[in-house]
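There are 2 protein chains.
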Amino acid sequence: MSSSGGDSVISRLRKLISDGEYQPGDRIGEVRVAQQLGVSRTPVRLAFRTLEQEGLLERAGKRGFRVREFSAADVLCAVEVRGVLEGLAVRRLAERGLDDSLDELLSFWIQKGRELLAKGHLEEVDVGRWGDINHSFHEALVAAAGSPVIGDAIARNNHLPFAAADSIIIDTEALDREYRKLLQAQLQHELVLQALRCGEGARAEMLMREHAFIGLRYVDLLGMEPVSLSGTDE
Amino acid sequence: MSSSGGDSVISRLRKLISDGEYQPGDRIGEVRVAQQLGVSRTPVRLAFRTLEQEGLLERAGKRGFRVREFSAADVLCAVEVRGVLEGLAVRRLAERGLDDSLDELLSFWIQKGRELLAKGHLEEVDVGRWGDINHSFHEALVAAAGSPVIGDAIARNNHLPFAAADSIIIDTEALDREYRKLLQAQLQHELVLQALRCGEGARAEMLMREHAFIGLRYVDLLGMEPVSLSGTDE
DNA sequence: GCACGCCTGAATGGATCCAACAAAGGTATA
DNA sequence: TATACCTTTGTTGGATCCATTCAGGCGTGC
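Here the protein sequences line up with chains U and S, keeping their order.
According to the working numbering, the first sequence is numbered sequentially starting from 1.
According to the working numbering, the second sequence is numbered sequentially starting from 1001.
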């Protein structure tokens, strides 16, 4: 019994790491994790291999693993990687043409975004809803790119902390500023769809690349604290 | 005893798959693989998780794995992914400037390539040597991109069959044609270095993207058989 | 006093055992 | 005869056990 459902060890361990329970650079042992999660060593060993492939862990010498540390530069780089990959996806999409059903789907999520932002300000509950809308839009784009390869590459990249498209840091203290950010994101979504409809592959690609930065650079511009991962207390 | 060294199960299994021992789409069982490799189920299970992350295996329903199948379109897509990622790497490199030691290293491998191709034709032993030179050049570029994130993404992408930069198919029957291909590749290497020295990020990126296609599209142009993976006998 | 080597302990990797679940086939009933 | 349920079997996931290896400490010899 217990809540040991299959891959739940992986996600629980991932959460432990991102919560800072295991510090970046720390050696991470099978026995301790197994005890902490209340499971045997076997699923932990399996999870370690998976998380190593995901990039959250790295081999510590010949023996064991350690939690990988990511600098702010790494996070920026991961965001750029997502940008070029999603850019590739939309360029291919523009080149092969946008079919009606996908146009409809994208329009649907754009309409949802419009409705969410229509009231002119942002409330705290809207944050999660925007996350869903944004995720669905991106997912639809990537899924339609013609091959699962791009989606896989993006998915693997998204395992890195703060790299995923839906990991925009929302400062609930400054919903006003966040609202302007989401307005910008929404505009970029609409521009991408516009470019796709016109078959403008290069433009769509560049828009998507720029769009990736919205969670990072735009934050800096607005004077917020840049993301830092390693060893910061909250 | 036996030759069961650590990750060797992974590479042996990878080889079994790429050799067509297990057909794409086939369900792959732990017991059979374990017996075939002469090891217990445990390392096989670990290898399955790793290969799943690498994209060679996929979950078959709720239970077990199956060998993933790649279409020609997927291979093309993986090559394009490598192109945009390596393009990103060199653009970042151009933007932050090329330091002397890297310039020296890249020049070294370019010189090696020049020497290899200087005699005006290609011999069979040169194929492997070109592979090494090419690999070193690409590796040096990616390693210098400022963050391991890009390199990781490329490495993961390279696990897909025929996606790696050093998996140019060399037709030893037509070394003359292959020679012209490698001349082109060498020229592209030199152009990239030129662009890097001038800080021309966009140009370097586009050159690198185009360079990625040299193993595929150029093959088609020359009338060779396009790569096909699934179920073809050799 | 320093260095080399041995010994001990701990942690990981591999093998085996047990349980749970899914798929398939057979039988009974409507 | 067809369908539904039950049984049986095979495969996978989890737990435990054994061997191997790496690291650290201590002792002895030079």
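Glycine included, every Cβ here is placed at the ideal spot set by N, Cα and C.
It should be emphasised that the depicted structure is a prediction, and the values quoted were computed from it without experimental measurement.
Three-state secondary structure (DSSP) of L216 (chain U): As a first step, residue 216 (chain U) must be located in the first sequence, where it is residue number 216. Coil at L216 (chain U), not helix or strand.
Interface partners of R197 (chain U) on chain S, CB under 8 Å: In the first sequence, the residue the question calls residue 197 (chain U) occupies position 197. Simply none; closest approach about 22 Å.
Residue from U:V33, U:L88, U:L182 and U:R32 with nearest C-alpha to G128 (chain U): Along the first sequence, one-based indexing puts residue 128 (chain U) at 128. Of the candidates U:V33, U:L88, U:L182 and U:R32, U:L182 places its Cα closest to the Cα of G128 (chain U).
Short-range partners of chain S found in the region 156-190 of chain U, where Cβ spacing is below 9 Å: Answer set for the region 156-190 of chain U: R156, N157, L160 and A163.
Counted within 10 angstroms of its Cβ, other Cβ atoms place E115 (chain U) as buried (16 or more) or exposed: For the purposes of this step, residue 115 (chain U) is taken as residue 115 along the first sequence, with counting starting at 1. Exposed, by the Cβ-count rule.
Delimiting residues of the beta strand (DSSP E) encompassing L1085 (chain S): To locate residue 1085 (chain S), count along the second sequence from 1; it is residue 85. For L1085 (chain S), no beta strand (DSSP E) run applies; the uninterrupted alpha helix (DSSP H) run containing it begins and ends at A1072 to R1096, by DSSP.
Same chain only: Cβ atoms within 7 Å of G55 (chain U), ignoring 5 sequence neighbours per side: By 1-based counting over the first sequence, the position of residue 55 (chain U) is 55. Excluding sequence neighbours, G55 (chain U) sits near R68, H159 and L160.
Residues that I1150 (chain S) contacts on chain U, provided the C-beta gap is smaller than 7 Å: Translated into the one-based positions of the second sequence, residue 1150 (chain S) becomes position 150. Result: C77 and V81.
Option in S:Q1184, S:R1156 and S:A1174 with minimal Cα separation from V1079 (chain S): Looking up residue 1079 (chain S) in the second sequence gives position 79. Of the listed residues, the one whose Cα sits closest to V1079 (chain S) is S:R1156.
Neighbourhood of S136 (chain U) by C-beta, 7 Å cutoff - its chain only, sequence neighbours within 5 removed: The residue given as residue 136 (chain U) occupies position 136 in the first sequence. Excluding positions up to five away in sequence, the list reads W109.
Supposed contact pair F1162 (chain S) and G1083 (chain S) - C-beta distance, whole angstroms, cut 8 Å: In the second sequence, the residue the question calls residue 1083 (chain S) occupies position 83. In the second sequence, the residue the question calls residue 1162 (chain S) occupies position 162. With 8 Å as the limit, G1083 (chain S) and F1162 (chain S) do not qualify as a contact, their Cβ atoms being about 14 Å apart.
DSSP-derived helix/strand/coil call for F48 (chain U): One-based indexing of the first sequence puts residue 48 (chain U) at position 48. In the three-state reduction of the DSSP assignment, F48 (chain U) falls in the helix class, which pools H, G and I.
Local conformation of L57 (chain U) per DSSP, three classes: Along the first sequence, one-based indexing puts residue 57 (chain U) at 57. The DSSP-derived three-state label of L57 (chain U) is strand.
Contacting residues, own chain, Cβ-Cβ under 6 Å from P1043 (chain S) (five flanking each side not counted): To locate residue 1043 (chain S), count along the second sequence from 1; it is residue 43. Here the set comprises V1009.
Listed by chain order, chain S residues near E54 (chain U) by CB distance under 9 Å: Locating residue 54 (chain U) in the first sequence gives position 54, counting from the first residue. Contacts between E54 (chain U) and chain S, judged by CB atoms closer than 9 Å, involve Q1053 in chain order.
Cα-Cα separation, D103 (chain U) to Q111 (chain U): Here residue 103 (chain U) corresponds to residue number 103 of the first sequence, with the count starting at 1. Here residue 111 (chain U) corresponds to residue number 111 of the first sequence, with the count starting at 1. If you take the alpha carbons of D103 (chain U) and Q111 (chain U), they lie about 12 Å apart.
Proximity below 7 Å, CB of V90 (chain U) to CB of M206 (chain U): Taking the first residue of the first sequence as 1, we reach residue 90 (chain U) at position 90. Taking the first residue of the first sequence as 1, we reach residue 206 (chain U) at position 206. With a cutoff of 7 Å on beta-carbon distance, V90 (chain U) and M206 (chain U) are scored as not near each other.
Separation of A1143 (chain S) from L187 (chain U), as counted between CA atoms: If you number the first sequence from 1, residue 187 (chain U) lands on position 187. If you number the second sequence from 1, residue 1143 (chain S) lands on position 143. The straight-line gap from Cα to Cα measures roughly 36 Å.
For L46 (chain U) and L1051 (chain S), believed in contact at Cβ under 8 Å, the rounded distance: Locating residue 1051 (chain S) in the second sequence gives position 51, where the first residue counts as 1. Locating residue 46 (chain U) in the first sequence gives position 46, where the first residue counts as 1. Incorrect: roughly 13 Å between the Cβ atoms, too far for contact.
Where R1063 (chain S) sits in the DSSP three-state scheme: Counted from its first residue, the second sequence places residue 1063 (chain S) at position 63. R1063 (chain S) falls in the coil class under three-state DSSP.
Residue of S:G1038, S:R1203 and S:F1065 minimising C-alpha distance to F1048 (chain S): As a first step, residue 1048 (chain S) must be located in the second sequence, where it is residue number 48. When C-alpha distances from F1048 (chain S) are compared across S:G1038, S:R1203 and S:F1065, the shortest belongs to S:F1065.
Proximity test, Cβ basis, 7 Å: V1084 (chain S) and chain U: Stepping through the second sequence from its first residue, residue 1084 (chain S) is reached at position 84. Cβ-Cβ to chain U under 7 Å: yes for V1084 (chain S).
Simplified DSSP state of R41 (chain U), which is helix, strand or coil: Numbered from 1 along the first sequence, position 41 holds the residue referred to as residue 41 (chain U). Three-state DSSP puts R41 (chain U) in a helix.
Minimum C-alpha distance to A1165 (chain S) - residue among S:D1099, S:I1133, S:G1120 and S:D1019: By one-based count along the second sequence, residue 1165 (chain S) stands at place 165. Selected option, being the one with the closest Cα: S:I1133.
Cβ of A1153 (chain S) within 7 Å of any chain U Cβ: Within the second sequence, numbered from 1, the residue matching residue 1153 (chain S) stands at position 153. Against chain U, the CB of A1153 (chain S) has a partner CB under 7 Å away; the residue lies at that interface.
Proximity of R1041 (chain S) and E1030 (chain S) at Cβ, strictly below 7 Å: Working through the second sequence from its first residue, we reach residue 1041 (chain S) at position 41. Working through the second sequence from its first residue, we reach residue 1030 (chain S) at position 30. The answer is yes: Cβ separation under 7 Å.
8 Å Cβ shell around Y22 (chain U) - same chain, five flanking residues per side excluded: Taking the first sequence and counting its residues from 1, the one referred to as residue 22 (chain U) is at position 22. For Y22 (chain U), where only same-chain residues beyond five positions count, the Cβ hits under 8 Å are L16, I28 and V67.
Selection of the region 61-75 of chain U by Cβ proximity to chain S, strictly under 7 Å: Listed by position, the residues of the region 61-75 of chain U near chain S (Cβ gap below 7 Å) are A73 and D74.
Extent of the continuous alpha helix (DSSP H) to which S1147 (chain S) belongs: Position 147 of the second sequence holds residue 1147 (chain S). First-last for S1147 (chain S): undefined, no H or E at that position.
Three-state secondary structure (DSSP) of R1209 (chain S): Reading the second sequence from its first residue, position 209 is the one you call residue 1209 (chain S). In this structure, R1209 (chain S) counts as helix in the three-state DSSP scheme.
Short CB-CB distance (under 7 Å) between S147 (chain U) and chain S: Taking the first sequence and counting its residues from 1, one reaches residue 147 (chain U) at position 147. It does; some Cβ of chain S falls within 7 Å.
Strand pairing of R1027 (chain S), partner residues [DSSP]: As a first step, residue 1027 (chain S) is located in the second sequence; it is residue number 27 there, counting from the start. The partner list for R1027 (chain S) (beta bridge, DSSP) reads S:R1066.
Three-state class that DSSP yields for K119 (chain U) in the structure shown: Within the first sequence, residue 119 (chain U) is the residue found at index 119, counting from 1. Residue state, collapsed to three classes: coil.
Inter-residue Cα distance where the pair is A1153 (chain S) and L1085 (chain S): Taking the first residue of the second sequence as 1, we reach residue 1153 (chain S) at position 153. Taking the first residue of the second sequence as 1, we reach residue 1085 (chain S) at position 85. Computed Cα separation, rounded: 8 Å.
D1166 (chain S), DSSP secondary structure in three states: If you number the second sequence from 1, residue 1166 (chain S) lands on position 166. DSSP places D1166 (chain S) outside both helix and strand once states are collapsed to three, so it counts as coil.
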